[in-house]
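Reading through the C-alpha cells given below for one structure.
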Amino acid sequence: MIAGILKESGAENRVALLPGEAAGLKKLGVEVLVEKDAGEKAFISDREYIASGAAPSSRKDIFSKAAMLLSVNPVPEDDLRSCREGQVLCSVVNPAENGKWLESARTLGLTVLALDVIPRTTRAQAMDILSSMATVSGYKAVLHAASLLPRFFPMFMSAAGTIKPSKVLILGAGVAGLQAIAIARKLGAVVEVFDVRSAVREEVKSLGGKFIEVEGAKEDAAAGGYAVEQTEEFKKKQQELIQCRAVASDVVIATAQIPGKKAPVLLLKETVSSMKPGSVIVDLAASTGGNCELTQNGKTVVVNGVTIIGKSDYPSDMPTDASKMFGSNIINLMKIMIDKEGNLALNMQDEIINGTTAVHAKEYVSQRVKQMLNIK
Ligand code: NAD
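Quick note: the sequence shown uses my numbering, first residue 13, plus one each step.
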C-alpha cells in the first residue's frame, strides 16, 4: 500500500507523522509519500523525511497515488472531490461538527478512520490521540498562565523578602487536568482540584494536589470512565464552593468536559469579578462552550483585571512533540490494521477498528459516530 502524509492548511502547525514515525510505517511494509513542506511548521525539513525513506511529492500526486491519506485535521471539503472510491482518509474528524463532511465522504465511497473516536479502552491507550493531545494542552496551559501571571509560581526566600507560592485551581482532573497538576506542582505552586469522579481522588493526591470533594456527585459506570451531567442541586453547591476557592487562587485551569455535551459552567461571572486582579483563567473547554461564563472561544479577554484565555488549540503551539505523539498513536493503530504484505486489512470484528471506522463501503460503521450524528 502507498500512504501519503498531507500538509495541513490554515493555522495548524502539526503534521500527522514526523520522519521517525514515517519510518515506522515503512517498517510495516507501506510505501510513504509526504507532501512537500508538510513538516515545515513543525520544524522538520523534507530532507529529514527523505532520510527516513519517505518520498516528497506534490499534493496532486499523493491524491492520485496513495491508498491512504494521513492528516491531523480532516482534508478540506474541496479535496474530497479529488479522492477516489475506496480511498482511506485517516485524521481527527470531530464528527459532531463535521456531519456534512462525513456524509460527503460516505457518498463518495471513501473509508474514514476517525482518530478522535478510537474507543477509550486499555488496549487502545497507545493509539489514543485525545489523551496525548490533552497531555500537551495541560502542560502548555500552565506555562501560558505562569508567563502571564504578575507573580512567581514557587515560594521564594530571598534577601528581598519571602514570596508566597501561587495558588492554582484545576477544574476537571482528566488527562489534561492531571498533567496541569503535575506541571503546576513542578513549578512550585499550591494546587487545589475539583472533579466529579471520585476515582481521580488518589491520582490527584499522588501528584501533590488537594482534592476538594463536593458531596452528591452523580457517577455512572456505564459512562466508560467519563463524567456525566450533574443535578441542578449539585451544580449550585459546586459553583459556590468553586467560588470560595477561586477567590483565593491566582490561576484557574479549567478542563471539565462531558463527552457529547456542552461543557459544564463552573465559574460564574460573579466568581470572576470576585477574583484578584492579575489572576489568569485558562479555559481548555472553550471549544465546547467553556467552563467559565465569560470565556470566548479562540480569544483572550480581560474582565476586572482577570485574564480569561479561551483556547483549545495548544497542541498546534507545540507542533514538534505534539506531532511526534500524534504520529506514534497512528503507528500503534496501523499495527492492528495493516497485514503482513503492508496492505490495509480492516477486520470489522475488532472493536478498535470497528469503533474508529466512521464510514466504509458507503455505510456508517462506528456506533459512537452514529450516536453523535443521530443515525439509526
Ligand atoms: P474529559 O476531557 O471528558 O473531561 C475532563 C475531566 O472533567 C474529567 O476528569 C471529568 O470527570 C471532569 N468533569 C466533568 N464534569 C465536571 C464537573 N462538573 N466538575 C468537575 N469536573 C468535571 O475527560 P478525559 O480527560 O478525556 O478522560 C477522562 C477519563 O477517561 C480519564 O481520566 C480516564 O479514566 C478515561 N480515559 C481512558 C483512556 C483509555 O483507557 N484509553 C484514555 C483516556 C481517558
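C-beta: ideal position from N, C-alpha, C; glycine also.
Taking C-beta to C-beta, are residue 366 and residue 378 nearer than 8 Å?
-> Yes.
Could you pull the start and end residues of the beta strand (DSSP E) that residue 295 belongs to?
-> Start and end: 292-295.
For the candidate residues 69, 114 and 97, whose alpha-carbon lies nearest to that of residue 88?
-> Taking the Cα of residue 88 as reference, the smallest distance to any Cα among 69, 114 and 97 is reached at 114.
Using 8 Å as the Cβ pair cut-off and three pairs as the minimum, do the stretch 219-229 and the stretch 301-319 touch?
-> No, they do not touch.
Bridge-paired residues (DSSP) for residue 169 = 174, per the DSSP bridge assignment.
Beta-carbon proximity list for residue 164, same chain, < 7 Å, skipping 5 on both sides = For residue 164, where only same-chain residues beyond five positions count, the Cβ hits under 7 Å are 175 and 178.
Verify the contact flag: residue 212, CB atom, against every heavy atom of the ligand NAD, threshold strictly below 7 Å.
-> Residue side-chain check: residue 212 places its Cβ nearer than 7 Å to a non-hydrogen atom of the ligand NAD.
In DSSP terms, what residue 206 is bridged to = In the DSSP output, where bridge partners are listed per residue, residue 206 has 183.
If you check the beta carbons only, do residue 269 and residue 184 fall under 8 Å apart?
-> A contact, by the Cβ cut-off of 8 Å.
Given a cut-off of 8 Å, decide if residue 124 and residue 101 are closer than it, judged by their beta-carbon atoms.
-> Yes, the Cβ-Cβ distance between residue 101 and residue 124 is below 8 Å.
Count the other CB atoms within 10 Å of the CB of residue 374; is the residue buried (16 or more) or exposed (fewer)?
-> Around the C-beta of residue 374, fewer than 16 other C-beta atoms lie within 10 Å, and the residue is accordingly described as exposed.
Please look up how many angstroms separate the CB atoms of residue 322 and residue 339, rounded, as I've assumed it's under 8 Å.
-> In fact, because the Cβ distance is near 28 Å, the residues do not count as touching under 8 Å.
Just to confirm, are residue 245 and residue 209 a CB contact at a threshold of 8 Å?
-> Taking 8 Å as the Cβ cut-off, residue 245 and residue 209 do not qualify as a contacting pair.
Is residue 191 near the ligand PLP, judged by its Cβ being under 7 Å from some heavy atom?
-> For the ligand PLP, the structure offers nothing, since it holds only the ligand NAD.
Name the DSSP beta bridge partners of residue 80, please?
-> Answer is 15 and 100.
With hydrogens ignored, establish whether the beta-carbon of residue 342 is closer than 7 Å to any heavy atom of the ligand NAD.
-> Shortest gap from the CB of residue 342 to any heavy atom of the ligand NAD: 7 Å or more.
Under the criterion of a Cβ to heavy atom distance below 7 Å, does residue 107 qualify as lining the ligand NAD?
-> Placement of the Cβ of residue 107 at a distance of 7 Å or more from every heavy atom of the ligand NAD is found.
Please name the residue, chosen from 329, 69, 326 and 106, that lies closest to residue 369 on a Cα-to-Cα basis.
-> With distances taken between Cα atoms, residue 369 lies closest to 106.
Proximity to residue 290 [Cα-Cα], best of 279, 261, 272 and 267 = It is 261.
With hydrogens ignored, establish whether the beta-carbon of residue 209 is closer than 7 Å to any heavy atom of the ligand NAD.
-> Yes; taking the cut-off as 7 Å, the Cβ of residue 209 has a heavy atom of the ligand NAD nearer than that.
Residue burial classification, residue 295 (beta-carbon count within 10 angstroms, cutoff 16) = It is buried - the Cβ of residue 295 has at least 16 other Cβ atoms within 10 Å.
Which residues mark the beginning and the end of the alpha helix (DSSP H) in which residue 331 is found?
-> Note, residue 331: alpha helix (DSSP H), 331-346.
Between residue 221 and the ligand NAD, is the CB less than 7 Å from at least one heavy atom?
-> Shortest gap from the CB of residue 221 to any heavy atom of the ligand NAD: 7 Å or more.
If you check the beta carbons only, do residue 160 and residue 259 fall under 8 Å apart?
-> With a cutoff of 8 Å on beta-carbon distance, residue 160 and residue 259 are scored as not near each other.
Taking C-alpha atoms, which residue in 60, 65 and 278 lies nearest to residue 35?
-> Minimum Cα distance to residue 35 is reached at 65.
Three-state secondary structure (DSSP) of residue 119 = Of the three classes helix, strand and coil, the one that applies to residue 119 here is helix, per DSSP.
What is the residue span of the alpha helix (DSSP H) that residue 160 lies within?
-> Boundaries of the alpha helix (DSSP H) harbouring residue 160: 141-160, taken from the DSSP string.
Along the chain, where does the alpha helix (DSSP H) that runs through residue 283 open and close?
-> First-last of the alpha helix (DSSP H) with residue 283: 281-285.
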